[in-house]
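Chemist: One line per chain: the protein sequences are A and B, in this order.
If you read the first sequence in my numbering, its first letter stands for residue 1, the second for the next number, and so on.
If you read the second sequence in my numbering, its first letter stands for residue 1001, the second for the next number, and so on.
C-beta atoms are modelled at their ideal positions from N, C-alpha and C, and glycine is treated no differently.
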Amino acid sequence: MKKGRKVMLIVIGLLAAGLYLSPFYIMLVNSFKTKRQLFLDTLGLPDSFNIDNYILAWQRLDFLRVFANSLIITVASIALIIIFSSMAGWMLERTKTKLSNFIFFLFIAAMLIPFQSVMLPLIRIMGKLNFLNIPGLIFMYLGFGSSLSIFLYHGFVKSVPKSLDEAAIIDGCNYWQTYWYIILPILKPISVTVAILNSTWIWNDYLLPSLVINREDTHTIPLRIFFFFGEYTKQWNLAMAGLVLAIIPVIVFYFFSQKHIIKSFTEGSIK
Amino acid sequence: MKKNKLTFWAFVGPCLLAFIIVVIIPLIFGVYYSFTDWNGINADLTYVGISNYLELFSDKHFVNSFIFTTKFTIVSVILINVTGFSLALLVTRGLKMSNLLRTIFFMPNLIGGLILGFIWQFIFINAFASLGEYTGQMWLMGWLSTTKTSFWGLLILMTWQLSGYVMVIYIAAIQGIPKELLEAAQIDGANTWQRVKSIMLPLVRPAFTISLFLTLSNSFKLYDQNLSLTGGAPARSSEMLAMNIYNTAFSFMKFGEAQAKAVIFLIIVGIFTLSQVYISKKGEVEM
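1. What is the rounded straight-line gap between the Cα of residue 4 (chain A) and the Cα of residue 11 (chain A)?
2. Could you tell me whether any Cβ in chain A is nearer than 8 Å to the Cβ of residue 1281 (chain B)?
3. Could you confirm whether any beta carbon from chain B is found closer than 8 Å to the beta carbon of residue 110 (chain A)?
4. Please report the straight-line C-alpha distance between residue 1101 (chain B) and residue 69 (chain A), rounded to a whole angstrom.
5. Tell me, which residues are paired with residue 1036 (chain B) by DSSP?
6. Among the candidates B:1266, B:1022, B:1023 and B:1054, whose CA atom is the shortest distance from the CA of residue 1036 (chain B)?
7. When the Cα of residue 110 (chain A) is compared with those of B:1025, B:1237 and B:1276, which residue comes out closest?
8. The alpha helix (DSSP H) with residue 1216 (chain B) in it runs from where to where?
9. Answer yes or no: does any C-beta atom of chain B fall closer than 8 Å to that of residue 8 (chain A)?
10. Where residue 1278 (chain B) and residue 126 (chain A) are concerned, what is the direct C-alpha to C-alpha distance, given to the nearest angstrom?
11. Beta carbons nearer than 7 Å to chain B: which residues of the stretch 36-65 of chain A have them?
12. For residue 23 (chain A) and residue 45 (chain A), what's the separation of their Cα atoms in angstroms?
13. What is the rounded straight-line gap between the Cα of residue 106 (chain A) and the Cα of residue 100 (chain A)?
14. Check the Cβ of residue 1105 (chain B) against every Cβ in chain A and list those closer than 7 Å, keeping chain order.
15. Give the interface partners of residue 1138 (chain B) over in chain A, defined as CB-CB distance under 8 Å, in chain order.
16. Taking the alpha carbon of residue 1012 (chain B) as the reference point, which residue from A:27, A:82, A:61 and A:9 has its own alpha carbon closest?
17. Answer yes or no: do residue 181 (chain A) and residue 90 (chain A) have a C-beta to C-beta separation smaller than 8 Å?
18. When Cβ atoms are compared, which residues of the stretch 245-260 of chain A fall closer than 9 Å to chain B?
19. Using a Cβ cut-off of 8 Å (strictly closer), state whether residue 107 (chain A) contacts chain B.
20. Within the 8 Å Cβ cut-off, does residue 206 (chain A) reach chain B?
21. Does the structure place the stretch 1230-1246 of chain B close enough to the stretch 1049-1067 of chain B that three or more beta carbon pairs sit under 8 Å?
22. Helix, strand or coil: how does DSSP classify residue 1001 (chain B) here?
23. List the residues of chain A whose Cβ lies closer than 7 Å to the Cβ of residue 1027 (chain B), in chain order.
24. With a Cβ-Cβ cutoff of 8 Å, do residue 998 (chain B) and residue 1188 (chain B) count as a contact?
25. Between the alpha carbons of residue 1099 (chain B) and residue 1089 (chain B), how many angstroms are there, rounded?
26. Am I right that residue 1141 (chain B) and residue 1087 (chain B) are in contact with their C-beta atoms under 8 Å? What's the rounded C-beta distance?
27. By DSSP, does residue 66 (chain A) sit in helix, in strand, or in coil?
28. May I ask you to report which of helix, strand or coil DSSP gives residue 1015 (chain B)?
29. Based on Cα-Cα distance, which residue from B:1118, B:1273 and B:1256 lies nearest to residue 120 (chain A)?
30. Got a sec: is the Cβ-Cβ distance from residue 1050 (chain B) to anything in chain A below 8 Å?
31. With a Cβ-Cβ cutoff of 8 Å, do residue 1124 (chain B) and residue 1154 (chain B) count as a contact?
32. Please go through the same chain and pick out, in chain order, the residues whose beta-carbon is closer than 8 Å to the beta-carbon of residue 245 (chain A), but skip the five residues on each side of it.
33. Quick one: what's got a C-beta closer than 7 Å to residue 1001 (chain B)'s C-beta in the same chain, skipping five residues either side?
34. The stretch 76-90 of chain A: which residues have C-beta closer than 9 Å to a C-beta of chain B, in chain order?
35. Along chain B, which residues have their Cβ under 9 Å away from the Cβ of residue 139 (chain A)?
36. For residue 1275 (chain B) versus residue 1212 (chain B), is the C-beta spacing smaller than 8 Å?
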């Protein structure tokens, strides 16, 4: 590559990076300002890094509690999705009947259904089953998450030689043992993809929890942020500190596992 | 051990049960409710025929949100894919900082749409105004207070959020192109633009199919960003279809009518995305 062109590419790259990072910059600097300074100078650096906004936002958000709620809901949903979708994906791929084809097709076709189309009846049915709470929410994530997850597992199982299953069965394993000791460990790479794709969605989901969770002590991060932001739109500095708190866990997670994350998103869409 | 029906159901059952309760049954009931006068409170429903559906056509907000959503989807699909593809070209040129750039461009995808909407609400209202004061550019003032700026606000937000995602898909496709092909073309005297047009674009076609599908369905079903960025303001003019359905049910307590809209929504999303996949697939070339 010619030197002049390379310099030009680097300049373009830096400009684009600056543009993509600027929202984070604006959010971060304003989270340290006083209300007055924010109004006078929105784009500049703060006078001093005082963390009053953060202390107040932390308390008002009840941050530890909502963080724990989000974590419990996400981890439990992912665990159920991984176990049950891999079981179903494996069994559907290995069974060649009209019924199994039909069930697989049903799961895949459902990916086209927008949430709004099932939202109102779903909430009514869940209300009747007394399921408008955290366990109900986790159950719903299993139902909504299974389509893509089964699709991914199904595709991956195709590349696993069938002779592996058969060898295990001949050696005296029953189907459960074959799945648990042989198949599940082999599926690990695709399980990582399934876990990442589902967790970004579940962790960030707002609409479903807003319909399902009424009690304040079971709020998730997006849910609490919604009410918090509405309350403090006149105190932007506080609102910004709240938003920074909300995205810190995601950013930390991203910087530790970005390779896996980017790979998962690529795989998840190309499969 | 012989595989029998019981084994099959034991493995498929848990997912299937959750799926049927959460998706299939609500879908069937949803179609039924769209023919009733359900208001969310009353327990007994009366069958009202297609009157909910007829109501939609005279609902000016619904028609408006349909037009707004369609316009938004067309522009956002183009913007996101052009930006994403350009970013992919930029980071596959062997620069040392490519990995860092990739990480930065992808980052917004991990943060929820609701939070991103709030961040941008602040930027459009305060940072834009402040920038406008510095530079004397009056068009930067009062963003999100007109239908037009709400429209472009949503587009900027979505392009910023999703271009990194489609970039990742395009990178995978570009890296899958055999090096010899590009080198051969270069030796034959093709310039950069000719190589992009005649070799890269046809060979990354499958990635276009996927990225168009993703951006199309994401834009059409947009809710969180719409809610937190504009909330439909001003005067419900930036209210997209998903939000219109929500508001019909919960702000106006017309659940039957909302459900009729939801059925129409399902059909439109299906037609849009399936025909897009069909059309894009047709043009793909085999290597």
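Modeler: Let me spell this out:
1. 11 Å
2. no
3. yes
4. 33 Å
5. B:1047
6. B:1054
7. B:1025
8. 1205-1220
9. no
10. 36 Å
11. 42 and 43
12. 14 Å
13. 10 Å
14. 20
15. Neighbours of residue 1138 (chain B) on chain A: none; closest Cβ ~17 Å, over 8 Å.
16. A:82
17. no
18. 246, 247, 250, 251, 253, 254, 255 and 258
19. yes
20. yes
21. yes
22. Reliability fails at residue 1001 (chain B), whose pLDDT of 44 lies under 50, so the model's placement of it is uncertain and the value that follows must be treated cautiously. Residue 1001 (chain B) falls in the coil class under three-state DSSP.
23. 113, 117 and 118
24. The displayed coordinates of chain B run from 1001 to 1287. Any statement about residue 998 (chain B) would go beyond what the structure contains.
25. 13 Å
26. That pair is no contact at about 30 Å.
27. helix
28. helix
29. B:1256
30. no
31. no
32. 54, 57, 58, 61 and 63
33. Note on residue 1001 (chain B): pLDDT 44, under 50, position unreliable in the model; no value is reported.
34. 80, 81, 83, 84, 85, 87, 88, 89 and 90
35. 1018, 1021 and 1022
36. no
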